[in-house]
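Quick note on numbering: the UniProt record's numbering labels position 152 of the sequence shown as 152, and the sequence is numbered without any gaps. Take a look at the structure set out below.
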Amino acid sequence: MPKIGLVLEGGGMRGLFTAGVLDFFIDRNIDFPYIIGVSAGVCHGTSFVTKQRGRTRDINIDNIRDKRYVSFHNYLKTGSLFGMDFIFDEIPNKLYPFDFDAFNSSKTEFITGVTDVHTGKPKYFGREHYKWINTIARASSSIPLFSPIVDFEGGQYLDGGTSDPIPVRKALADGCDKVVTILTRDRSFVRKPEKFRWIYRRAFRNYPEMVRCLDERHKVYNSTRSFLWDLEKQGKAFVIAPPTPVTISRFERNKSKLLALYKQGYDTAAELAEKLNDFMSAE
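Listed below in C-alpha cells is the structure:
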C-alpha cells in the first residue's frame, strides 16, 4: 500500500475549516501514518493525532472574546496579538487538557514546520522533539510582526507558513507516495506581495534572510499551489479546500462566522468522502 501523508496549511482563524475536516476524519476513522503542518495546521493536527474531537473548535470558539486569547492588549503587553502563554501553556495544561500520552505513543509520524529567522528557510521537528510540542507549535504559529521570535535549542524561529506554507514537498521527501492536503484558501486564491515592506524591513533589519523570506513569500506560496495542482492531475494529491473564498481574517473574532467555517469544513469533507476513499484505496 502507498504511504499517504496529510498536509495541513496554516492561516490563523481560517484554520477552523481544517478543524471541521479533521473532525469528520475522526468520525469516519480516517487516519494517516504521516502528518505535517505549519502554524494553525500544527495546532489542529496535534488534536487530530490524539483523537480529541472538537477540541480545537471549542478552544477557538469559547475563547475568541477572551482578551488573553487574541487582543491588542496582548500585543501591548507581550508583543503578540495572540496570547501565546495562554494558548500554549494554560489551555493545553489546564483549561482544555491535551492528551500528551496519546500524542507521544501514537504511531503517526507528526512533523512541525518552522522558519529559521537567520536563514529564512524552513526547519522541521519530528518525534524526537515531541516532548516540546507546545514550544514548537508556538514557534510555528508566531506570525512575523505580530508575535515575538521563539528561542528553542539554540535556534530562533517564527511562523512555519512563512517559508513553507504548504509543506507538500517535504512530505514527498519524507517518503510519502501520495498526499491529502487541507487548504484554508479556496482554489482561486492568489497570494500578493507582502504589504508594508518598510515595516518588516525595519523590524528584521538584523535578520536579512528573514526579510528575503517575507519578500518572496507570495512567490513560494503560489508556486507551491501550482505544484500541488500538478500532483493532483497525476493522481498523487487529493486537495480539500474551501469551496468559496474565505473572507475572514486570521484574527477573526466573530463566533458565528467561525462556526460557519468549521461547518463548511466538515460538510466539504463529507461531500468528498467517496472520492477520498477511492484516492486512498488506489494503488
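No residue lacks a Cβ here, since even glycine has one placed at the ideal position from N, Cα and C.
Query	Result
By DSSP, does Y124 sit in helix, in strand, or in coil?	strand
Given L22, which residues of its chain have a CB within under 7 Å of its CB, disregarding the five upstream and five downstream residues?	H44 and F48
Excluding the 5 residues preceding and the 5 following D58 in the sequence, name in chain order all residues of the same chain whose CB lies nearer than 8 Å to its CB.	Y96
Can you check the segment 4-60 for any beta strand (DSSP E) of at least 3 residues that lies completely inside it and give the ranges in chain order?	4-8 and 34-38
From which residue to which residue does the beta strand (DSSP E) around L158 run?	G155 to L158
Where P148 and S142 are concerned, what is the direct C-alpha to C-alpha distance, given to the nearest angstrom?	7 Å
Assuming A203 and L145 make a contact with CB atoms under 8 Å, what is their CB distance in whole Å?	6 Å
Would you say the segment 261-278 touches the segment 236-244, given that touching needs at least three Cβ pairs under 8 Å?	yes
Tell me whether M210 is buried or exposed, calling it buried when 16 or more other Cβ atoms sit within 10 Å of its Cβ.	buried
What's the C-alpha gap between V114 and G20?	24 Å
By Cβ distance below 6 Å, which residues in the same chain neighbour I166 in space, the five residues on each side in sequence not counted?	E9 and T224
Considering only their Cβ atoms, is the gap separating I182 from V7 smaller than 9 Å?	yes
For E252, is the classification buried or exposed, using 16 other Cβ atoms within 10 angstroms of its Cβ as the cut-off for buried?	buried
Put A282 into one of helix, strand or coil per three-state DSSP.	coil
My parser needs the beta strand (DSSP E) runs of 3 or more residues fully inside the segment 165-237; what are they?	178-182
Just checking my contact of I40 with G11 at CB under 8 Å: how many whole Å lie between their CB atoms?	According to the sequence displayed, residue 40 carries Ala and not Ile. Contact holds; Cβ gap of about 6 Å.
Looking at Q156: is its Cβ nearer than 9 Å to the Cβ of H118?	yes
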